[in-house]
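There are 2 protein chains.
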Amino acid sequence: MSPKHIDLPEPSESGCRATREILERIGDKWTLYVVGALRGGPRRFSELKRDVDGVSQRMLTLTLRGLERDGLVTRTVFPSIPPRVDYELTELGRTLLEPVAVLINWVDRSRPSIEAARARFDASGQETRGAVGMVHRA
Amino acid sequence: MSPKHIDLPEPSESGCRATREILERIGDKWTLYVVGALRGGPRRFSELKRDVDGVSQRMLTLTLRGLERDGLVTRTVFPSIPPRVDYELTELGRTLLEPVAVLINWVDRSRPSIEAARARFDASGQETRGAVGMVHRA
DNA sequence: CAGGATCCCAGTGGATACTG
DNA sequence: CAGTATCCACTGGGATCCTG
Chain A
0 MSPKHIDLPE
10 PSESGCRATR
20 EILERIGDKW
30 TLYVVGALRG
40 GPRRFSELKR
50 DVDGVSQRML
60 TLTLRGLERD
70 GLVTRTVFPS
80 IPPRVDYELT
90 ELGRTLLEPV
100 AVLINWVDRS
110 RPSIEAARAR
120 FDASGQETRG
130 AVGMVHRA
Chain B
0 MSPKHIDLPE
10 PSESGCRATR
20 EILERIGDKW
30 TLYVVGALRG
40 GPRRFSELKR
50 DVDGVSQRML
60 TLTLRGLERD
70 GLVTRTVFPS
80 IPPRVDYELT
90 ELGRTLLEPV
100 AVLINWVDRS
110 RPSIEAARAR
120 FDASGQETRG
130 AVGMVHRA
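If you read the sequences in order, they're chains A and B.
Here the first sequence stands for residues 0 to 137, where the numbers follow numbering that gives the first Met the number 0.
Here the second sequence stands for residues 0 to 137, where the numbers follow numbering that gives the first Met the number 0.
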């Protein structure tokens, strides 16, 4: 069925290229997690490093730079000793939280189905390869 | 400030690791575009190759395999000459369209702001680096 | 504490050639 | 047409060391 499907907004056709560029930003390995860690308010560098867990200081720095460059995060330096730097989502950055939440929710709800599908595929997938006749693999 | 923010669903805490694994699937270079190309209904391999534009047959194959493995698309072989293979979103695959649409919409709406921020950052970013006092870069 | 500079590896993905 | 197989370049990203 699905007579009408969902009406995907068509990445405005014009900006499909530019859209990809931005999707790759938030599609990288750490951006979503950093944004998630910042959702509660300002965080220091070392707090983020602890919260995100697994991230190297190099990647955390690069990720924060990228977010700052895109106007999604502000960086505030306090000239104290020891130095202290706070990162915080901008207005724009906070608007990203909703789309991300929708996506995360989808992943959470779909994970059982996906993992089941993977198990099925990995278990019985290969030998139907050269089968004769119409084949549905999956 | 920001007393309430948006209430991010907390990636169910438990499955943060597993969630990442799936996020990386749809976060790769081609998956979202292939899914987008399939939103209108079944498509043949060669049609997808034309639609997605820029994708190599290798990456298209790998991407489709991954989606098939995760139960998001079905692969149907017609034993004709020349051979024909149709790909189609599953029910589960179609449920992915909405979260993706939300994200694409966000990118489209935010692109002007982001590009402006990038221009500003790239133009005047570097020299405020070692400045004294509290500094807001951006 | 925050992060710059280097080195280096593994995986992603492109180009090309071949097959059923 | 719809792949598979190889080779290869690039780069994302980790580890480590050093500085203000």
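Virtual Cβ for every residue (Gly too), placed ideally from N, Cα, C.
- Collapsing the DSSP output to three states places Leu63 (chain B) in a helix.
- Within chain B, no residue has its beta carbon less than 9 Å from that of Ile80 (chain A); the closest one is some 13 Å off.
- For the pair of segments examined, the stretch 62-80 of chain B was found to touch the stretch 107-123 of chain A: the number of CB pairs separated by less than 8 Å reaches three.
- Within chain A, no C-beta atom comes less than 7 Å from the C-beta of Leu59 (chain B); the nearest is roughly 16 Å away.
- Taking C-beta separations shorter than 8 Å and ignoring five residues to either side along the sequence, the partners of Arg83 (chain A) in its chain run Arg43, Val76, Phe77, following chain order.
- Under the Cβ criterion of 8 Å, Val106 (chain A) is counted among the residues facing chain B.
- Contact with chain B is absent for Phe44 (chain A), since none of that chain's Cβ atoms lies less than 8 Å from the residue's Cβ.
- If you keep only unbroken alpha helix (DSSP H) runs of at least 4 residues inside the stretch 21-89 of chain B, you get 30-36, 44-51, 56-68.
- Only those residues of the stretch 47-77 of chain A whose C-beta falls short of 7 Å from the nearest C-beta of chain B are listed: Glu67, Arg68, Asp69, Gly70, Thr73, Arg74, Thr75, Val76, Phe77.
- Interface annotation, Arg117 (chain A): in contact with chain B, CB-CB separation under 8 Å.
- Counting along the chain, Leu95 (chain B) sits inside no alpha helix (DSSP H), nor does DSSP assign it H or E at all.
- Between Leu91 (chain B) and Ser109 (chain A), the C-beta gap is smaller than 8 Å, which places the two residues in contact.
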